[in-house]
Each structure stands twice: as C-alpha cells, then as structure tokens.
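Undergrad: Residue numbers (our numbering), protein chains in the order written: chain A, 38 to 378; chain B, 38 to 378; chain C, 38 to 378; chain D, 38 to 378. Backbone N, C-alpha and C fix where the C-beta goes; we use that ideal spot for every residue, glycine too.
4 protein chains.
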Amino acid sequence: MRVGVLTGGGDCPGLNAVIRGIVRKGVQDYGYEFVGYRDGWRGPLEGDTTVLDIPAVRGILPRGGTILGTSRVNPAQIEGGLERIKRNLAHHMVDALICIGGEYTLGIAQRLSEEGVNIVGVPKTTDNDLNGTDFTFGFDTAVGVATEAIDRLHTTAESHHRVQVLEVMGRHAGWIAVHAGLAGGANVILIPEQKFDVEQVCRYVERRFAVNYSPIVVIADGALPVEGQLPEEDGTRDFFGRTGSYSIGEWLGKEIESRTGKETRTTVLGHTQRGGSPSAFDRYLATRFGINAVEAVHAGEWGTMVSMRAEEILRVPLAEATKEIKTVPLELYREVGVFFG
Amino acid sequence: MRVGVLTGGGDCPGLNAVIRGIVRKGVQDYGYEFVGYRDGWRGPLEGDTTVLDIPAVRGILPRGGTILGTSRVNPAQIEGGLERIKRNLAHHMVDALICIGGEYTLGIAQRLSEEGVNIVGVPKTTDNDLNGTDFTFGFDTAVGVATEAIDRLHTTAESHHRVQVLEVMGRHAGWIAVHAGLAGGANVILIPEQKFDVEQVCRYVERRFAVNYSPIVVIADGALPVEGQLPEEDGTRDFFGRTGSYSIGEWLGKEIESRTGKETRTTVLGHTQRGGSPSAFDRYLATRFGINAVEAVHAGEWGTMVSMRAEEILRVPLAEATKEIKTVPLELYREVGVFFG
Amino acid sequence: MRVGVLTGGGDCPGLNAVIRGIVRKGVQDYGYEFVGYRDGWRGPLEGDTTVLDIPAVRGILPRGGTILGTSRVNPAQIEGGLERIKRNLAHHMVDALICIGGEYTLGIAQRLSEEGVNIVGVPKTTDNDLNGTDFTFGFDTAVGVATEAIDRLHTTAESHHRVQVLEVMGRHAGWIAVHAGLAGGANVILIPEQKFDVEQVCRYVERRFAVNYSPIVVIADGALPVEGQLPEEDGTRDFFGRTGSYSIGEWLGKEIESRTGKETRTTVLGHTQRGGSPSAFDRYLATRFGINAVEAVHAGEWGTMVSMRAEEILRVPLAEATKEIKTVPLELYREVGVFFG
Amino acid sequence: MRVGVLTGGGDCPGLNAVIRGIVRKGVQDYGYEFVGYRDGWRGPLEGDTTVLDIPAVRGILPRGGTILGTSRVNPAQIEGGLERIKRNLAHHMVDALICIGGEYTLGIAQRLSEEGVNIVGVPKTTDNDLNGTDFTFGFDTAVGVATEAIDRLHTTAESHHRVQVLEVMGRHAGWIAVHAGLAGGANVILIPEQKFDVEQVCRYVERRFAVNYSPIVVIADGALPVEGQLPEEDGTRDFFGRTGSYSIGEWLGKEIESRTGKETRTTVLGHTQRGGSPSAFDRYLATRFGINAVEAVHAGEWGTMVSMRAEEILRVPLAEATKEIKTVPLELYREVGVFFG
C-alpha cells in the first residue's frame, strides 16, 4: 500500500505530530510506504513530492509547523485541477490519500472522494470551529498562548490604571476568546457569534475602574459591533490583514479610549498563536488522529475523517467537516458572562 | 442562602479557580454568602472557618494550591465525626455545602447527603481516574509538567547514550503516563492497568539502542511488574513514599541498568506535578465547574456533582465519583503501543 | 528608621521582587518601618501611602507588576511639586526614600537628593539601556517573551513561505532586539542605533527565500529607516502608539510586502513584554537590588543607586542613571551581523 | 582552514547553539571547513567524524543536547591516547580544534595545546563554577528549571502544611541553589561551600511553621552536613547516583521528618535540569561564544578560551578553566541569608 499525505490551509501546532503518527503506525504495523506531497494541494497538483519515512519524522513530534509545507492553493478553481491531481496520484502509484486540513482542504478531499479517490481526512482548525469532533489539535496551544498573554497584561493593567484590549484568533467562532478569556480572567469577551455594543463595552470598562481595577477586554478577530458603529470608511481589515487600516481590536481600543477618556492599549496576538511547540494535549490528540487515520486506511473506510469524543477516536463522514461550522452556543456565552461585570 | 465550601484530599492545580468561580457566580448572580472551611473535612469538623467573599478570591485564578487549605482528615473514622459536622453546619447557619475533592472527600459528602445535608460535589483528581466526567481539572497541568520533563530528558538521552526512566503520578490509573508518554514520544509506557515484564522492557530498551537512539521509559507510580519480579525485601514505597527504600521507578531503573549493562538515570517527578499555575484548560474547566456547582445549589439538586462531557457541564449523582475508578482501556493502551518499538 | 518606597515609570517584571527584598531585609535585619507610596511620584506628592510590612509582601516574588502602582506623574513640572514632596516626607516622618525607576524617576530623585533628601535609587528599565549597571531586571523577562515569539514565528515561517516581522521594545537602544534576535535566530535585526535601508532589508529577505527558507525580521520600536524613506504623512506612532497610523514594524511589513511581492505578516509584541512573572534571573537580580538598597540606606550612602557587575552588587552615583543611555555598540551589532545573511 | 569541533563532558543546554555559531561564522565569513568529532574525545581518539556544514546546523539553535554527542572518555588515561589524537587530527588534515567542555575536557585541551596542537576552548559547565568567565551557558536554563520547580512546590507547601526539600545540581559550587533558591523564595539554601547543621535546619523549619507557612529547603547535590551527622553506613550517593542508597536531598528529607515530626517530601530534579530548549540568555551567550571561538581561530590565539565579562566576550588562557573552581563567596551566601528566616 502506498499512501500520500498532505497538509493544507493555515499553520497549526500539531501537524507534524499527525504526520509522525501516520508514518510510524503505517510503517511499523502495516508496512505501508508513504509519499509526502508538498504545500497542500499544490503537491499533488504539480506532482511535487518528498520522502516520508521513519527517519524523516524523527524528532518532529514537539515541533510546530509542518515538514510537508502548506498553502492555500485551491485545485477546484484551476482549470482541470482535480483531473491533474488524479493523474498525478495514479502516476505516483498512490493507493490512498490522507488529507490533513480544515474546511477548504477537506472540501476538496470530499469532492475527490466522490469521484472515487480513496481518501481519509484529518480535521484541522486552530479555531476549533469544526463540526463532528469535540476538539481539534492546535486549539489548546493557541488558547495557552492567549491565556499567557492575558496573564502578562493583568500585571501591566494592575500597575497602570489602563484598559488592555487583546485581539485573538476566531474568524467565525469565538472559542479561543471564550476559553482564554475565562482562563485568563478577562472582564469582557467579544465573539463573532454575538454583535457587541461599543457603548455597553465602555460602560463595563468604567464599572471595572469604579471597583479599582483595570479592565481587560478579549476580542476575537471576527467579532463585530452592532450595525452603524463601524464607520464605512474605517472598514476593519480581513483575516489576512490586507484590506483596511486597523484590525477590529485596534479599532475597539481607539473607540474605548476616545469614549471613556481612559488610556487604552491594544495587543494583536496574530501568528504567534499558530506557531511554536504544540501543547501536550495537542500532541496527544494529533498523534492519535494520525494513528487512527492509518487504521481508517487499513479498514478502507474512504470518505471519512477521524474525530474525537472524550477519550475515543471515531470516524465520521468527511462531509461533517464542511457542513456549517461549530459556533459558541449562546447558552455557554451567557454562562461565562458572570465574569463580564 | 449561606453556602459552605471546602477542598479535600491532595493538592491539585485549579482548586482556587473553582473557589473563585463559585464565589463570583454566587455573589453576583444570586447574592449568596459563603463560609470557607479550612483544611478539608477538618474545617466543618472543628468549626474552623475563614472569610470567603469577592476580595478573598481576587487574583487567585492563575494560582495553584487552595486558599482554603486541604487535609486528609476523615470524619467517618472519628467517633461522632459526621454528627459534629452537621452540628457545626447548623451552628454556622450553612444551608448548603459545596465539596471539592476526590473519591474519599466525595464519599463522605455522599454519606452526609444521604443523611439529609444539602450537598453539591465538584470532582477532583489529578490522575483523571474518576468516573462520570470526561476530564477533571489538574490533570492537564500534570500532563504538561510530565511532558516537559520528557522533552528535557530527550536531549540528554540523545547526547549521552543512556536510558532515562521517568516516574509520573498514577496510583490506580495510568492516564498521566499514557498522555504524557505519547505527547513526549516515550518509547515504553508502563501503567497500573497492565503488569509489565522487566525482561521485555529490557529487550525494548536494547532494541532502541540498536537503532542508535537512547530510550525513555515512562512509568506510573502505581505500575507493578508481573508476579515474582519484585523481591519481597525490596518492597517499593507507597504513594506517600514511606514504606520502602525505593519508588517503583527507582527500582526499575536499577533493574534495567543491571540487566542490560546500560547506564540508567531515574527521575521521580513527585509533587512538582501537583503544584504551580494551572494550565489554561484546567482554569477553564475549574471555573466552569465552580459556576455550575452554584447553579446546582440554586436548582437544589442535592447529592449531585458537576461533570464534563465535551463542551457541556452536566450533573451526575455524587455516587458516580465513588464507584469504580476510570482506568485506561486496554484497547487504548494497545493503540498507543505502536510507539513502544 | 522609617523608609519610604516608590516605583515610577513604566511597568517592569521584578518590581515586586525589589519591594519584597527591601521590606524583608529592612524589617528582619534592621527593624526598619516602611511607608509605601502609591503610583510613583504621585504618592509623596499627594501624600498617598499604603501599608508596607512583611504580610504585605508575602507571595509577591513571582508576580509581575508592582503592588505600589506606578505612574508617569512628574513633580518637577508641577508648581511647587518638589516642595510638597519634601513636606509630605517630613509629615510622614520618613527618614529616607528608596526610589525604584528609570531615567525620569531617578532624575527627580537626583534633584531631591541635591536638595538634601536622603535618597537611594534602584535602577529600572526593561530596555536595559541604563549606564552604570551590567543588567537591569525586567530585561531578561522581555527578551524571553520576544524569543518565544520568534520561536513561534519560525514554525509558521517555515510552513508558509512568508516574511515575518516582529516589533519588540527598544525606544533608544536595541538590546532586546539584539538579544532576542540572536537567541531566536532572526535573519535581520534592526535597532535605533543604526538607521536601516529598506531596500537592503528587502534584498536580505529575497536572499533568504533563495536558500529556501522564510525570513524573520526583528525590529526595535525605536528603529528608523535612512532619511527620505519614511513618508512625511505616514509618520510612525510614538512609544505610546498615539500619533500615527502605524508602528514602525507595521510600516516595514507593508514596505517589504509591496517591494518584494512576498506575503508579509507583522506582530507587535507591545505590553506583553512588560508583564507576567519575572524570569529567575530577574527575580534574583531584583531581590539582590532590594537587599542592597537597604544596605545603602543603613550605610547612609545617600545619592547613590545600586548596580550590578557580574555577581557583585555595587553602589554608583545616582547621576549615572541620568547620564547618556547605554546603547548597543556598533562592534557588537556587527559581530552578530553574521546572522543577517 | 579545516577546523575540528567536539563537545565533551555532561550534557548542557546551549551546546548546539555554540556549534551553530561556529559553523555559520566560519563558513560565511572565512570560508572554513569543519569536521565534527563524535562523543567528545572519543571522536578524535577513534577518528570518528561527522559532516558539519550549514545544513547540519539548521534548526538546532533552540534544541538542547549536542548533535555531536558527548562522552566522558579520557584520552589521558589511555595508553598513547594523546598521540593517537594528534595522528588522527593530522590524518583528517585538521588545522585547529575547537573544544567545548568543562574542567576535564579543557584540561586535555590544555595538554594538547602545550604539545603544539592549535586549540581554542569554549567553557561549559551547567554549575557555573568555572573561573575566568562571568557566566557559562546552560546555567541560566538550569536555574529556570529549578525555580519553576520551587514555584510549583510552593503551592503544594501552602495547601498541605508539609516540608518540601528540593535537590538541585551543584557538585562543588552552590550557584544553582543560591540563584534558584533566591528567585523561588526558598526558606533554607544549603550549598557545598558551607557544611550545614541538620539541627539548625530543623529549627528553621519549625520556625517557619510557627509563622503559619510551610517551608521549602533547597539543597545542592554536593552539600554535606557537619562532621558526624551523616552515618558511615548511610553514605550518600555520588554525582552519578551509584554508590549509596540515597542522595543527600533524600537523606535530609528523612532526617527532617524524623527529627521534627513534620511530613516531608523530597524532589530530586536530576537530569531534567540539563535538558530541553536553552533559555534566551543561554542561546545568546552560546552563540556569541561560538562566533568568538572562530575569531580566536582566525586570530591564531591558540591555547585560549572565550569568556564573558558583562556584554564583552574576551579571550583568557585555557589554563583558567582548570585552575580552582569558582565557588559562591561566603559574603554572597550571607547576603541572601536574610531569606532563611
């Protein structure tokens, strides 16, 4: 059996641990050979491969990033892209393909699967917003980085009588903001699932000062204020930071400062949340995802992806990954709301 | 409503986060008053209380330990112990008691509950061996400490051609060993659920050297060799380190060295696994346990304890905690076994 | 002996360790009483004090921030400010004042000392740019935070073929950039001591891509390009982030992206560098500064500040702190330059 | 120019950073070729070499251990050992040798240098006990690991009313114990430079309990009690843990428990102090040592080793390393003594 492996989409701590789990399990237990495809879908599209054997995965467990590289190349948008992938897989005598990625990467995987390619998926999203799995690897590491930043801002906030705004990842779902905000003891948590009223945020901030303590506001980079508060000409930048002058966190910081008169500092965590050594939990989860992806290949369960339920690793249809995303339930958001005051 | 709170049993990162969650939720949303009992069951037994209000819980979220103190005092073994507790609760006009603790602490809670005391439990075990909940707080922190230690031993192992043995917590269940061992890339993982054969461990160790790499062995402190390998006169010490000369990890290290002739170093992590700032996950889980314990009090659901299922916090009967413990399934142990080789 | 203590200027990890060192040494060895002044010079100016005894400093060693608070209030710019301070010190029966702060705080201390107030200084600057001492506390912690961020960016850079720009503290001196840049293996390090040519930076960046690796650029927030490269209307923001649209790091990131066509991400570390638990080195240094400040008071060596030379703590004239700042020697900058290529 | 490189003695965080600094500086600035010798002096003794070029050192900066391996092989104790080394160096056409190691490794280097071999040394000792340099790399990382352990023990100590003993490295000098003990807020610090009286330690411990707080005792593994307290038959184990039943820390823990009746736990940090990613300071120092070792080779300054004075890297005679070791001055030990009480 020859199995191709690729990693697509954004960087995410734990990708190397998945790759290592796949290769060690496959080689040791089933004698598989592996073909590494470089830079996500670009690899099978252009036939760009790399050696993927036991020595290649030595020592990569604690390392962030992916030895296979990644990209956002979308073969579905390229004339004849999917056909070229199928031809290249055949040319490399690849019997099955393990795709590690998020919504987009697994969406392509799903289409190839429907067209008869033997595919097993491994879900990946730092934002933890994928249906069909309790947790995804990378999320715990990102929450840890964000929580450490809140811890650090606390001491500055205490000494300086200043508002601190921290922008964390969370394009469509506020999981990182909610977990890190609760773990770090933030006073206000703003998420994409619930539009916020800048005036109300300012009132919270002032209430905190009244009880003699500096407030910390955590905001997901996909959060938005209610209609009309964000001026047209000041459109915040998108996920890739390219369209506007400010991120939503920077905008909020300026609004708080001008509306309350309180000195406000904003920190945008950015890519530091996606890099570095994965946490113990992420390495554990990623390794087990890798092992179980090979088991799915061995069982010929094409068109599935691995998923986690408590301590169990299950297989669910690939389509689960591309259905609607998993957002923070308003019930949970309200539950943690006790700490806004 | 006046609510007593106590923490019993061993130390565990996240206890303060539970206490803070309880007090902030109870005071802000329901106007409760709280009575802190000192040192586990010793507090209500001797009527030893401490102030437990909003200022008392300020800043304790990221701190290990418990501001209430803890002990292993067992009122069930003291003549009239339970009666004295009931009298003291009445004397302090306490309407309900929130007990944070493991098997023993919640066992007493269960008995008092049966005798009509209004009790809500919060499960606590660093070993993660409690039924009725996916995870308990403190476990993730301990796994993190153990994984970091394995990371550190790896580099020494690589440079020095030596066997490294790491003893981690796990009296009755090997969860920490399995999680940290997999996350850290250990070569052998030994747990209480499965007796090990020292000869087989030595063969693994030698096989690792054959592929030119130094082996790392992770052993839970409750793991034991098969019948006959542990000499009578060399009985390993118990959990509290007092009965024998060696811990099981130290014994194993000496056996490996004498049987294989390979220099072997043993590190016993001990209490460093139970202290320090809780991880982001543990703070999140502990805070939500605290909030939901207050909700259980508010709902009058006596005799229950809070528990976690994915992102949901549920209530299960207190008795769940004292039923048989949750051990590592052999299926999981075998799954991760690929990395033994 | 009654001794006042104050902390002025920006936040800095280790302030609490100094305070604790002062109080424990003073109370235990010399029976001193202490008066804590709140928020830097605002405290003695307005007579705002707080209790400062052994219980007040319990547990603060590992904590960032300052229990005394801090501010940038400048009594020299307030009509009769210095006189009011002297009156308040007399009113509180304070025999000597220990001032913990940077250039500005110690500049005021120097003037009060010249006017006969018994003053001992403790130097503080996260940027490590103070003359008269090998190191200042807080610097090692900031370098650690910046280095960890570079480590994290490396893995993203490797996976994604992108330029990463990291802006770190360093208003007038590039010590943090040089230390963290070297420790983290950055490819370009830009500091205030040497104006940089954007074109040359772009050529370095392109050269890195040519050897198949993504470049990391570390820039101190006080670094500037050579004359004419920074457009008038795009003036970068000042230290407090308020005058312009971009920080220098953000500006550089945009320039690199537009000039090289390579996707570029910028992370501004900001206040996370000043907060959080101080590193072991900073706690050690800060504690010894505190102990030795009390020895200086005991010896009546007014007008001096404590300073570090290897393992020795010395006393130097307060004026040392306010002389020209300690910048990175061009020789050292050139030495580490090997790693630019 | 062909330059050999070897690393000898115990493991130490930063060795890889030195190697990387040497190779990048040598190749980029002077076009040197390098020969890596494996496992300390065993390499040149047996002619065992490995490739050492730019790709070989890629990514090793943040990694502990040494890619060259290390050993305690002593060619001076092998018949004709030094002659064989000289022959092998000539055979490999090695013009100069950079030796990274401690007292023993540099002692051999010194002898070879006297016999005409072109040698430059880089000092290495985790214990920081080498003369002729302010600091050695690896020390800061070890102090960080020990301080984090003390932080963790504090929370357990607070909750449990127990004595905690922590044994850290320090065979002949107590630098790690003093730095980590002060940084962590230990109550008693015991070092090899000053024999301790077990009775006095017990009195300190009891005094701590009297002020309602659990004591933490830090002891260097080379510390010893005053004459007569250590029973003959209970001789503590040596540095390599092989001669006796207990380490000195374990012995002390048992003594405290039996003499005071207070429950006592001992943690022996062991090899976790020598492994793992080096701290930012150690990476900076190690990289600069590497760069400057190449400068010393370029300048033909044979028989010297690099050394650190504040921010300057100097060259001192190799013999400095093998003169008497640098111990903790009693004055410093007394200074920090304020915190014993």
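Can you give, in chain order, each stretch of the beta strand (DSSP E) that sits fully within the stretch 155 to 237 of chain B and has at least 3 residues?
TA: 156 to 160, 200 to 205, 225 to 227, all fully within the stretch 155 to 237 of chain B.
Undergrad: Is there a Cβ of chain D sitting closer than 8 Å to that of residue 242 of chain B, yes or no?
TA: no
Undergrad: What would DSSP say about residue 105 of chain C, mapped onto helix, strand or coil?
TA: DSSP places residue 105 of chain C in the coil class of the three-state scheme, outside both helix and strand.
Undergrad: Count the CB pairs spanning the stretch 96 to 103 of chain C and the stretch 46 to 63 of chain C that are closer than 8 Å, and state whether there are at least three.
TA: yes
Undergrad: Suppose you measure from the CA of residue 359 of chain B to the CA of residue 140 of chain B; what does that come to, to the nearest Å?
TA: Using only the alpha carbons, I get a separation of about 5 Å.
Undergrad: With the cut-off set at 8 Å, would you say residue 373 of chain C and residue 219 of chain C are in Cβ contact?
TA: The answer is yes: Cβ separation under 8 Å.
Undergrad: Suppose the cutoff is 8 Å on Cβ atoms and the five residues either side in sequence are ignored; what does the same chain contact list for residue 277 of chain B look like?
TA: Note that residue 277 of chain B scores a pLDDT of 38, beneath 50, so its modelled location is shaky and nothing firm can be said.
Undergrad: Nearest chain A C-beta to residue 141 of chain B closer than 8 Å, yes or no?
TA: When Cβ-Cβ separations below 8 Å define contact, residue 141 of chain B makes no contact with chain A.
Undergrad: Would you please state the rounded distance, in angstroms, between the beta carbons of residue 161 of chain C and residue 331 of chain C? I believe it to be under 8 Å.
TA: Their Cβ separation, rounded to whole angstroms, is 17 Å, which puts residue 161 of chain C and residue 331 of chain C out of contact at 8 Å.
Undergrad: Given residue 299 of chain C, which residues of its chain have a CB within under 6 Å of its CB, disregarding the five upstream and five downstream residues?
TA: For residue 299 of chain C, where only same-chain residues beyond five positions count, the Cβ hits under 6 Å are 200.
Undergrad: Could you spell out the range, first to last residue, of the beta strand (DSSP E) harbouring residue 9 of chain A?
TA: The question about residue 9 of chain A has no answer here: the residues shown for chain A are numbered 38 through 378.
Undergrad: Quick check: the Cα distance between residue 312 of chain D and residue 194 of chain D, rounded to an integer number of angstroms?
TA: 26 Å
Undergrad: From residue 66 of chain D to residue 328 of chain D, what does the alpha carbon distance come to, in whole angstroms?
TA: 10 Å
Undergrad: Between D/203, D/191, D/77, which has its C-alpha nearest residue 95 of chain C's C-alpha?
TA: D/191
Undergrad: Indicate whether residue 88 of chain D and residue 73 of chain D have their beta-carbon atoms separated by less than 8 Å.
TA: yes
Undergrad: Are there 16 or more other CB atoms within 10 angstroms of the CB of residue 92 of chain C, so buried, or fewer, so exposed?
TA: With fewer than 16 other Cβ atoms within 10 Å, it is exposed.
Undergrad: Does any CB atom of chain C fall closer than 8 Å to the CB of residue 177 of chain D?
TA: Taking CB atoms only, residue 177 of chain D has a neighbour in chain C less than 8 Å away.
Undergrad: Against chain C, does residue 169 of chain D count as a neighbour if the rule is that its beta carbon must be under 8 Å from one of theirs?
TA: no
Undergrad: Evaluate the contact criterion for the stretch 177 to 185 of chain B versus the stretch 146 to 158 of chain B: three or more CB pairs, one atom per stretch, below 8 Å.
TA: no
Undergrad: Determine the contact status of residue 260 of chain C and residue 211 of chain C, defining contact as a CB-CB distance below 8 Å.
TA: Cβ atoms of residue 260 of chain C and residue 211 of chain C: closer than 8 Å.
Undergrad: So for residue 81 of chain D, helix, strand or coil by DSSP?
TA: helix
Undergrad: Give me the Cα-Cα distance between residue 281 of chain A and residue 145 of chain C, rounded to the nearest whole angstrom.
TA: Reliability of the predicted coordinates at residue 281 of chain A is poor, the pLDDT of 48 falling under 50, and the value obtained from them is presented with this limitation in mind. Using only the alpha carbons, I get a separation of about 43 Å.
Undergrad: Threshold first: 3 residues or longer. Then list the beta strand (DSSP E) segments lying entirely within the stretch 306 to 358 of chain A, N to C.
TA: 341 to 346, 349 to 354
Undergrad: What is the DSSP secondary structure of residue 38 of chain A, counted as helix, strand or coil?
TA: Coil at residue 38 of chain A, not helix or strand.
Undergrad: Given a threshold of 16 other Cβ atoms within 10 Å of its Cβ, counted over all protein chains shown, does residue 115 of chain D qualify as buried or as exposed?
TA: exposed
Undergrad: Scan the stretch 95 to 108 of chain A for residues whose Cβ lies nearer than 7 Å to a Cβ of chain C and list them as they occur along the chain.
TA: When C-beta distances to chain C are compared with 7 Å, the residues of the stretch 95 to 108 of chain A below that value are 100, 101, 102, 103, 106, 107, in chain order.
Undergrad: Give a yes or no on whether 8 Å exceeds the smallest Cβ distance from residue 69 of chain C to chain D.
TA: no
Undergrad: Are any of the Cβ atoms in chain D nearer than 8 Å to that of residue 230 of chain C?
TA: no
Undergrad: By how many angstroms is the C-alpha of residue 301 of chain B removed from the C-alpha of residue 293 of chain B?
TA: 7 Å
Undergrad: Would you mind reading off the limits of the alpha helix (DSSP H) that contains residue 118 of chain A?
TA: 118 to 128
Undergrad: For residue 328 of chain A, would you say it is in contact with chain B, using Cβ-to-Cβ distances shorter than 8 Å as the test?
TA: yes
Undergrad: May I have the straight-line CA-CA distance separating residue 265 of chain B from residue 369 of chain B, to the nearest angstrom?
TA: Going from the Cα of residue 265 of chain B to the Cα of residue 369 of chain B covers about 27 Å.
Undergrad: Tell me which same chain residues have a C-beta within less than 8 Å of the C-beta of residue 324 of chain A, skipping the five on either side of it?
TA: 54, 55, 57, 58, 98
Undergrad: So, is the C-beta of residue 286 of chain C closer than 8 Å to a C-beta in chain A?
TA: no
Undergrad: Distance check for residue 288 of chain D and residue 246 of chain C, CA to CA, integer angstroms please.
TA: 57 Å
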